[in-house]
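Take 165 as the starting number for the sequence shown in our numbering and just add one per residue.
Where a beta carbon is used, it is the ideal one built from N, C-alpha and C, also for glycine.
For clarity, every value in this text was computed on a predicted model and none was experimentally measured.
Data block below; observations after.
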Amino acid sequence: GAGDQLDAFVIALLLPAFFTDIVAGSFSASFIPAFMRVRSDQDDAAAKTFARTGLALVLGAMLAVSVLLAIGGPWLLPLLGSSFSADKLQITTSLFLALILWLPMSACIAAWRAVLNAHNAFALAAGAPLTTPLATIAFLYAGADRWNVYTLCWGTLAGVAAETLILGWGVHRLGIPILPAWRGWNP
Numbered sequence: 165g166a167g168d169q170l171d172a173f174v175i176a177l178l179l180p181a182f183f184t185d186i187v188a189g190s191f192s193a194s195f196i197p198a199f200m201r202v203r204s205d206q207d208d209a210a211a212k213t214f215a216r217t218g219l220a221l222v223l224g225a226m227l228a229v230s231v232l233l234a235i236g237g238p239w240l241l242p243l244l245g246s247s248f249s250a251d252k253l254q255i256t257t258s259l260f261l262a263l264i265l266w267l268p269m270s271a272c273i274a275a276w277r278a279v280l281n282a283h284n285a286f287a288l289a290a291g292a293p294l295t296t297p298l299a300t301i302a303f304l305y306a307g308a309d310r311w312n313v314y315t316l317c318w319g320t321l322a323g324v325a326a327e328t329l330i331l332g333w334g335v336h337r338l339g340i341p342i343l344p345a346w347r348g349w350n351p
């Protein structure tokens, strides 16, 4: 029933949300002071290079976590949903594999939010996360009857994608390239 599908979504969301908070979430706290130091001690060109390198670093980490989760999911999900039936575990697995797409986008979100905050663009950085609940509500309204629990999954991914696009646009408006580029540990 609906309870089983919601249980499947919650368990499928658990690991992507955890790693998004741990890996991408910790990035901003360390990136902002370093970015501001590079910008004040060197110049804007060095800061832009540093931003692109930071994005490459966190994006690489999240891509690695995504691959490891995709590989390890078949072993981890039965542990997290130990009381799930085979059908419920199958739904959980398909939701989980779709939600892994969130991880690379969360890397861009973390890097670009940090850049925006370092440039005092707090409103955009703070407002962009509203896209996920708004997209989820819109998807639930439009397709809950047709897509069941997958509506939550696609609404979440659509909201995260919209947040990524909005923050990328904000960073681009600052004149900072949004593509990652590895330039080593120092700009």
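Query, Result
"Where does L338 fall in DSSP's three states?", "coil"
"For the region 284-300 and the region 326-334, state whether three or more C-beta atom pairs, one from each stretch, are separated by less than 8 Å.", "yes"
"Answer yes or no: do V313 and W276 have a C-beta to C-beta separation smaller than 8 Å?", "no"
"Is DSSP giving Q206 helix, strand or coil here?", "coil"
"I'd like the ranges of any beta strand (DSSP E) spanning at least 3 consecutive residues and lying wholly in the region 236-279.", "none"
"Once you ignore the five residues that flank D205 on each side, which residues in its own chain have a CB closer than 8 Å to its CB?", "none"
"When DSSP labels each residue in this structure, what does L219 get in the three-state scheme?", "helix"
"Does the region 299-317 touch the region 240-251, meaning 3 or more C-beta pairs lie closer than 8 Å?", "no"
"Between G218 and F195, which are expected to be in contact by the criterion C-beta below 8 Å, what is the C-beta distance as a whole number of angstroms?", "5 Å"
"Can you tell me where the alpha helix (DSSP H) with T184 in it begins and where it stops?", "Element bounds for T184: n/a, residue is neither H nor E."
"When you compare each of W311, L331, G332 and A299 to G319 by their alpha carbons, which one comes out closest?", "A299"
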